[in-house]
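Following: one structure in structure tokens, then a few remarks.
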Amino acid sequence: QLSESEGESADEAHKSENSGDQSATGKKYIPPRLAPMHYDGDQTDADRNKQILDRAKKRALSSSVIRELREQYSDAPEEIQERHIFGSIRQSQEEQHRLHYEESMMVRLGVSKKERSARKRGMMGMSAQLRSITQFGDIGALTGQDNSDLEALSPWMYQVIFGKSTVETSFHLEYTVYLPIVALAFIQKIIRTAWRLLETGYYSPRRRNGDG
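Under the UniProt record's numbering, read the sequence shown as residues 1 to 212, first letter to last.
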């Protein structure tokens, strides 16, 4: 009986210690989650640089400059993509009808809030198209200049690593490598953007400024 009582007291003491530990911590132990990581320990620096260069070449081949040059000099038929053409034609017809009515009747029609917001969205789309004229993408990998990762560095880090500023490097790349390639594409983008604006009706020589 004495041994049984001693065993029960030991069990109670052990339970009380466990309950005390749980109350002290208040939380159960949760092991950290292990995220899967790509193992590249067997790769050398040359292999890693080759992969970076291959990715840069793929990005350069899919840029807008190379795509437009390929469409221009390719023998394949040109593919014309019309996006939201129904809404653009309808809006253009409404604007032309409104302008013709105002000029013939010599009156100024009121503009609702919905029409003002639609015009504002149209102007925002036009400004986005104009901003995209100077976006030529990264084509340095095709000319032997892989500066995709270097552009992500801050000017201070670039100067510390390479000993020269990013202004000098960008000036050299833009005016000695990129200029002969992008000059023609720049002119083509301006012409195409102006033609699209004329087709959608966002610009009209007879259109008056202001909503009145």
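Glycine is no exception: its CB is placed at the ideal position from the N, C-alpha and C atoms.
- Around the C-beta of Lys189, 16 or more other C-beta atoms lie within 10 Å, and the residue is accordingly described as buried.
- Judged by DSSP in its simplified three-state form, Thr193 adopts helix.
- The three-state reading of DSSP puts Asp40 in coil, since its state is none of H, G, I, E or B.
- Taking 8 Å as the cut-off, the beta carbon of Leu109 is found no closer than this to the beta carbon of Glu103.
- In the structure shown, Leu99 adopts helical secondary structure according to DSSP, grouped into three states.
- Straight-line measurement puts the Cα of Ser92 at about 57 Å from the Cα of Asp45.
- Around the Cβ of Ala194, a 10 Å sphere holds fewer than 16 other Cβ atoms; the residue is exposed.
- Non-local beta-carbon contacts of Arg48 in its own chain, meaning distances under 8 Å to residues more than five positions away in sequence, involve Asp40 in chain order.
- If you look at Ile52, you'll find it in the alpha helix (DSSP H) that goes Asp45 to Leu61.
- A check of alpha carbon separations from Glu94 across Val107, Pro77, Glu79 and Glu115 identifies Glu115 as the nearest.
- Across the structure, Ser62 and Arg192 are spaced so that their CA atoms are roughly 19 Å apart.
- DSSP, reduced to helix, strand and coil, places Ile66 within a helical segment of the structure shown.
- Taking all protein chains in view, the Cβ of Ala76 is surrounded by fewer than 16 other Cβ atoms within 10 Å, so the residue is classified as exposed.
- Annotation for Arg33: no residue places its beta carbon closer than 8 Å to its own, counting only its chain and skipping 5 residues before and after.
- Taking the Cα positions, Gln72 is about 47 Å away from Ala35.
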